[in-house]
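Residues 4 to 113 (this note's numbering) are what the sequence shown spells out, left to right. Glycine is no exception: its CB is placed at the ideal position from the N, C-alpha and C atoms. What follows is a single structure, written as structure tokens, with notes after it.
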Amino acid sequence: MHIELQPDKRYYSIGEIAKAFDVNTSLIRFWDGEFDILKPKKNAKGNRMFTPEDVNNLKLIYHLVKERGFTLEGARTHLKEGQKKTLDKFEIISKLETIKTQLMNIKNQL
């Protein structure tokens, strides 16, 4: 999974998030209600605006539920019990995937 979002933005709309994860906006709204680690701000219209931290948490949720096959309850429990350790491992894996993509791009340019 490689999520492409603009790194310099402070907030992302739910549409941008859904497109980046290739899921429906309803799934993002559902996860927002199910996982306490997601805390998007809401603008005057009530639209969710996700911070880069929320995006990282969504990446972790996506990884647990969609890639590893956790149930929602299992993912919630996993996040609560080993949140720091899980986040550290996930961040390392994400950084390695980014480096791999960059190296593949360099290789293709040669």
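Residue burial is scored here from C-beta neighbours: LEU67 has at least 16 other C-beta atoms within 10 angstroms and is therefore classed as buried. Here SER97 is near LYS62, since their CB atoms are less than 8 Å apart. A buried status is given to ASN60, since no fewer than 16 other beta-carbon atoms sit within 10 Å of its beta-carbon.
Cβ-Cβ distances below 8 Å link GLY18 to THR28 in the same chain, with the five nearest sequence neighbours on each side left out; the list follows chain order.
Counting the other CB atoms within 10 Å of its CB gives ARG13 a total below 16, which places it among the exposed residues.
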